[in-house]
Amino acid sequence: MALPARWQQKIEASDPVEEIMEIQMGPSHPASHGTIKFNLKLDGERIVDCDVEVGYLHRGFEKMCEQGTWTQCFPYTDRLNYASPCINNVGFALAVEKLLNIELPERCQFVRTIMSEVSRIADHLTCLGMASSEVGATTVAFYMLEARELLYDLVEAVTGARLTVTWCRLGGVSHDLPADFNERIAHAFEMLDAVLSDCDKLLSRNRVFIDRMSGIGILSREDAISYGLTGPLLRATGVSYDVRTAYPYLIYDRLDFEVPTGEKGDNYDRFNMRFQEMYQSKRIIEQAMATLPQGAISITDPRVVLPPKHQVYNSIEGLMNHFKLIMEGVKVPPGDVYSAVEGANGELGFYVVSDGSGRPYRVRVRPPCFLGMSALNKMLIGRMIPDIITTFGMINMIGGECDR
Amino acid sequence: MLLEKLKERFGAELLQAQHGHGGDWVVVSRDRAGELLKALRDEPDFAFDMLADLTAVDWLERKPRFDVVYHLNSLKLRHRLSVKVQVDMADLWVYSVIESWKAADWLERECYDMFGIEFRGHGDLRRILLYDSFQGHPLRKDYPYQQRQPIVPETNAVVAPLPPSR
């Protein structure tokens, strides 16, 4: 069958060997988590240019935070990095508490630290499990998801929810650790150890895995800093920067843990960073549990914290206090503050501005994986199509956090 | 400590310099901001090698209306600084810092997307989180939060009036 003349001309004019092909990969692609589009220019299978498009999961987090009271922001923060919501809660609470000038009770600081680290392990397990399954190691993915389930059980035992925890409050947390939390942790860690050791054996000397990861997606130390990368991505290049040690918050300055660093800054190092960080998080949790003090989990300042229910129902003062806090919100003194915590993906910063009313004037979140995605172009140019999958997997882009 | 060094080095170029709740912040004029930020990155006393974040705040009633806020972080010296530049609606632009920090590429694009602030010298200033045909800049205070701009017409759009935005 003869082709139309204009098509025929087009085909004859172009040389498929020389031509740069343009391909759009995603957003509906299993490896792009459904929220990222790569506009690729390809020379054969080699990537000449890669324009990364984000924003498919943009929900107006920052605008919505300005509409409610300070307390009503917590459910929104759960949905940033939904693999480790407790860290987002803690980050936002610490930022606002800096404006309020609140000194947290000792136990509250311990509890927040413990839950942050539990979330960090869960987040790393998600990232590594999914990244492994994308290169064909499906067994590892299911092992890791099984271990993650145990950590989600811990989160559920404390907060009552698995993902959307909304667990922090200004000046404290909503629920204390259950009485048998030590036994629960011991049980979960026993399984976690077994899983980590199995996965280590499955992957660390696995030829297929190393070939796909090692030497891929390299970013130099200078570039990593210039691109604003933090967390495992930066530490893989050998820079020992961790917000927990550089600008300690909560009780991290009292704990003994190491910040693992890599050498080459490739995907294998990034994988390794996350793997080792899980052991460090375990250490942190065990130390914190061993010295966990008794006491209150929240301050009692009636300008910030809701009164106990029996006061609300039985006294006019309690009722009015409750009403004012719910209807008008916590009156945060005017000012602005940038406060960062170490999220699972790196420096999770909150820049909050208050005008003195009960509602945030501006809430800005610094999403670590957004900056990671901005460096993806640099990591990929000159590489092959399959390298997109592993490099993208190791950035651990979480749609809710990247696109907000 | 950091503030004293800054005052000594830059003097009257700092329109304001204060120690806030979480750290130090300074206000500089737009025309001097580019050179000052570059100096902050390069001089060993400051060594701000990382641009941690870049954003803006819309003070609707104030003149000048916008603050562009740079959050700098020094990995070497372990200190932070926020630099604010004030710009008004009439000429809504600042110089891009993409030469100093590559992180500025996407952060400036996002700031342009959300506030409509132009970053001169950026070279590739397009929307990043929203789509190209989007009208307006949603994080401005005069953009109603309930405004809808569907690309595909909505079949059963919500018509009930919502409370006014803040």
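So the sequence lines, in the order shown, correspond to chains A and B.
Throughout, our numbering is defined as the position within the first sequence, counted from one, plus 1193.
Throughout, our numbering is defined as the position within the second sequence, counted from one, plus 3.
For each residue, glycine too, the CB sits at the ideal point set by N, CA and C.
It should be emphasised that the depicted structure is a prediction, and the values quoted were computed from it without experimental measurement.
{"query": "Can you tell me which of C114/B, D108/B and W62/B puts its alpha carbon nearest to the alpha carbon of D145/B?", "result": "W62/B"}
{"query": "In angstroms with no decimal places, state the Cα-to-Cα distance between N159/B and Q138/B.", "result": "22 Å"}
{"query": "Measure the alpha-carbon distance for R1272/A versus A50/B and round it to whole angstroms.", "result": "35 Å"}
{"query": "By the 7 Å beta-carbon criterion, what residues does the segment 1239-1250 of chain A contribute toward chain B?", "result": "V1247 and G1248"}
{"query": "Check W104/B in the structure and name its three-state DSSP category.", "result": "coil"}
{"query": "For the segment 64-123 of chain B, list the beta strand (DSSP E) runs that are entirely contained and at least 3 residues long, ordered along the chain.", "result": "69-77, 82-90, 96-98 and 121-123"}
{"query": "Taking DSSP as the reference, what is the three-state secondary structure of Y1554/A?", "result": "strand"}
{"query": "Which residue or residues does DSSP assign as beta-bridge partners of L57/B?", "result": "Y73/B"}
{"query": "Over what stretch of residues does the beta strand (DSSP E) that includes R1598/A continue unbroken?", "result": "With chain A running from 1194 to 1597 in the structure shown, residue 1598/A is simply not present."}
{"query": "Can you tell me whether I154/B is buried or exposed? The criterion is at least 16 other CB atoms within 10 Å of its CB, across all chains shown.", "result": "exposed"}
{"query": "Give every residue of the same chain whose Cβ lies closer than 8 Å to the Cβ of D1459/A, excluding the five residues on either side of it in the sequence, and list them in chain order.", "result": "M1406, S1407, G1408, I1409, G1410, I1411 and A1429"}
{"query": "Pull up the DSSP beta-bridge partners for D1236/A, would you.", "result": "R1239/A"}
{"query": "Tell me the residue span of the beta strand (DSSP E) that contains S32/B.", "result": "Neither: S32/B is in no beta strand (DSSP E) and is coded neither H nor E."}
{"query": "Going by the DSSP bridge assignment, what does E1246/A pair with across the sheet?", "result": "K1230/A"}
{"query": "Would you report the Cα separation of F1134/A and R1557/A, rounded to the nearest angstrom?", "result": "For chain A, the structure presents residues 1194 to 1597; residue 1134/A sits outside this window and is missing."}
{"query": "Use the C-beta contact count for P147/B: other C-beta atoms within 10 angstroms, 16 or more gives buried, fewer gives exposed.", "result": "exposed"}
{"query": "Go to Q1302/A, then tell me how far its alpha helix (DSSP H) extends in each direction, as first and last residue.", "result": "E1299 to E1327"}
{"query": "Could you tell me the alpha carbon to alpha carbon distance between E1349/A and I1314/A, rounded to whole angstroms?", "result": "15 Å"}
{"query": "For S1277/A, count the other beta carbons within 10 Å of its own beta carbon; 16 or more makes it buried, fewer makes it exposed. Which is it?", "result": "buried"}
{"query": "Using a Cβ cut-off of 9 Å, pull out every chain B residue sitting near S1225/A, in sequence order please.", "result": "Per Cβ cutoff of 9 Å: no residues; S1225/A is ~16 Å from chain B at best."}
{"query": "So which of L1395/A, F1402/A and I1581/A has the shortest CA-CA distance to M1337/A?", "result": "L1395/A"}
{"query": "Is it buried or exposed, M1218/A, if we count other Cβ atoms within 10 angstroms and call 16 or more buried?", "result": "buried"}
{"query": "Report all residues from its chain with a CB closer than 6 Å to the CB of I1477/A; omit the five preceding and five following residues, and keep chain order.", "result": "E1310, L1448 and F1450"}
{"query": "What is the DSSP secondary structure of A42/B, reduced to helix, strand or coil?", "result": "helix"}
{"query": "How would you label F1335/A, buried or exposed, when you count the other beta carbons within 10 angstroms and need 16 or more for buried?", "result": "exposed"}
{"query": "Are R1355/A and T1319/A closer than 9 Å when you measure CB to CB?", "result": "no"}
{"query": "Between which two residues does the beta strand (DSSP E) containing A1489/A stretch?", "result": "Counting along the chain, A1489/A falls outside any beta strand (DSSP E), and DSSP gives it neither H nor E."}
{"query": "Whose CA, out of N1570/A, I1588/A and P1579/A, lies closest to the CA of V1241/A?", "result": "N1570/A"}
{"query": "I'd like to know whether the C-beta atoms of P1579/A and L1292/A end up nearer to each other than 9 Å.", "result": "no"}
{"query": "Under 9 Å between C-beta atoms, does K1291/A make it to chain B?", "result": "yes"}
{"query": "Could you tell me if V1289/A is buried or exposed, where buried requires 16 or more neighbouring beta carbons within 10 angstroms of its beta carbon?", "result": "buried"}
{"query": "I need the straight-line Cα distance from V1530/A to L84/B, nearest angstrom please.", "result": "11 Å"}
{"query": "Could one say the Cβ of W115/B lies closer than 9 Å to chain A's Cβ atoms, at least one of them?", "result": "In the sequence as displayed, the identity of residue 115/B is Tyr instead of Trp. It does not: the Cβ of Y115/B has no partner Cβ on chain A nearer than 9 Å."}
{"query": "Considering H1503/A, what are the terminal residues of the alpha helix (DSSP H) in which it resides?", "result": "K1502 to N1507"}
{"query": "Quick one: what's A20/B bridged to in DSSP?", "result": "V29/B"}
{"query": "If you draw a straight line from the alpha carbon of G1536/A to that of E1212/A, how long is it in whole angstroms?", "result": "43 Å"}
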